[in-house]
Amino acid sequence: MKEINVALTGGAGQIAYSLLPRLISGETFGTDTKVNLRLIEIPQVVDKLKGTIMELIDCGFKQTGSLLATTDIKEGVQDAHWILLVGSIPRGIVVDGKKIEERSDLLRINGGIFTGQGEAIGELAQEDAKILVVGNPANTNALIGRTKSNNPTQSWFAMTALDANRAKAQLAEKAGVDIASVTNMTIWGNHSPTMYPDPYNAKIDGVSAVEAINDLDWIENEYLPLVQQRGKAVIDARGASSAASAANAAIDTVKAVDSQTTEGDWFSAAVPSDGSYGIPEGLIFGFPLRTSDQGSVEIVQGIELNDFAKSKIKVTTEELLSEKEAVKDLVD
Ligand code: NAD
Ligand code: LMR
């Protein structure tokens, strides 16, 4: 059996509870790969991980390798191949007497977490480590972590797969087709209400989703805000931020990065911009991505963007630039 070291922050959180069994069951890294899992938590809750580890053992998966709980980020990420940065404060909870409502509120609270984590990853994880940031505000947290890691051979991603899955589900429902018929979904920009879940380049059975649905009013005034605000709608409905669907999207992202993309399709995640589509270099931006047969992840080029798309992409770019400005002391 092959072996892989996987580190995860926020191991005692609700996303982790859905995610962990699926990381060591063979589903994510393959049935021929043993997964050594390092769970990283803050001191106040690290003891709870003893119970989580008992449960993971009790799952009885043959792909389960060593299981470790630690408060030490350095111990956690040492030699890690994949690092899932989930640990951070979600919206909807009260911190210092103030209800955390918007991602901007999270910037300063969570941004600080990613400096030390980035440094440890850059220094100690594998040279070709892949890092997926789930904790919000995911794009800017990834920007901070990647900057502090100062290690250009490692690959940083921020998660937009949940938004892509939400967007596909809405289009499929409206068109009355199976979700598998919806392909080529891009979430341009930020994992926030400014994201642009591109309906023009998404396809339903090979045809532009806008053409297939043929209801521009619904696309612009219902579909877009619904996808952009879905995170908040889930928080309002269940009193906690999405967890099972977020864990599922994290697994989708790891699998999409690690396996060759189906011919003609692409997947969605935020990566450091190389200037493609005029996006400022270095910004962690949601793009259409493909994994090549050699395993490299590339931004899909040549996608046509109409004026509507360009105006939406401008808004989300500006938001990411203002988030960057707000944490400039952490990304210098
Ligand atoms: P949660 O509060 O249930 O769990 C978060 C865990 O992180 C807690 O156990 C906490 O102790 C831990 N933690 C905090 N600081 C840490 C640190 N410095 N090191 C290690 N662990 C630390 O929250 P959750 O519902 O699991 O959500 C986690 C994050 O994911 C939130 O920021 C949430 O907004 C975000 N999220 C992102 C997406 C996305 O699509 N990108 C989707 C859903 C949720
Ligand atoms: C989501 O999209 O469900 C999460 O990012 C939670 C949130 O704060 O919206």
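Oh and the sequence shown: position 43 is 26 in our numbering, straight run, nothing missing. Built from N, CA and C at the ideal position, the CB exists for glycine as well. Bear in mind the structure is a predicted one, so any value in this text is a computation, not a measurement.
In the displayed model, Trp249 falls within coil according to three-state DSSP, outside both helix and strand.
For Met168, the shortest separation between its Cβ and any heavy atom of the ligand NAD does not lie below 7 Å. Sixteen is the threshold: since fewer than 16 other Cβ atoms of the shown chains lie within 10 Å of the Cβ of Asn197, the residue is exposed.
Assignment of Tyr260 by DSSP, reduced to helix, strand and coil, places it in the helix class.
Within 7 Å of the C-beta of Ile202 there is not a single heavy atom belonging to the ligand NAD.
In this structure, the alpha-carbon of Ser256 lies about 5 Å from that of Gly265.
Look at Ile36 here: in three-state DSSP terms it is helix. Nearest to Gly(-4) by C-alpha distance, out of Val29, Val(-11) and Glu(-14), is Val29. Residue environment for Arg221: exposed (fewer than 16 other C-beta atoms within 10 angstroms of its C-beta). The continuous alpha helix (DSSP H) containing Thr299 extends over residues Asp290 to Ala309. Restricting attention to Ser305, Pro263 and Trp249, the CA atom closest to the CA of Ile282 is found in Trp249. CA-CA distance, His64 to Lys307, rounds to 27 Å.
Assignment of beta-bridge partners to Arg273 by DSSP yields Glu281. Secondary structure at Thr98: helix, using DSSP grouped into helix, strand and coil.
A direct Cα-Cα distance of roughly 11 Å separates Val77 from Leu89. As a beta-bridge residue in DSSP terms, Tyr179 pairs with Trp171. Fewer than three Cβ pairs drawn from the region 38 to 45 and the region 181 to 195 lie within less than 8 Å of each other, which leaves the two stretches out of contact. A direct Cα-to-Cα measurement between Val298 and Thr177 gives close to 7 Å. When secondary structure is reduced to three states using DSSP, Pro208 falls in the helix class. Under DSSP, Leu145 shares a beta bridge with no residue.
In the displayed model, Glu(-14) falls within a strand according to three-state DSSP.
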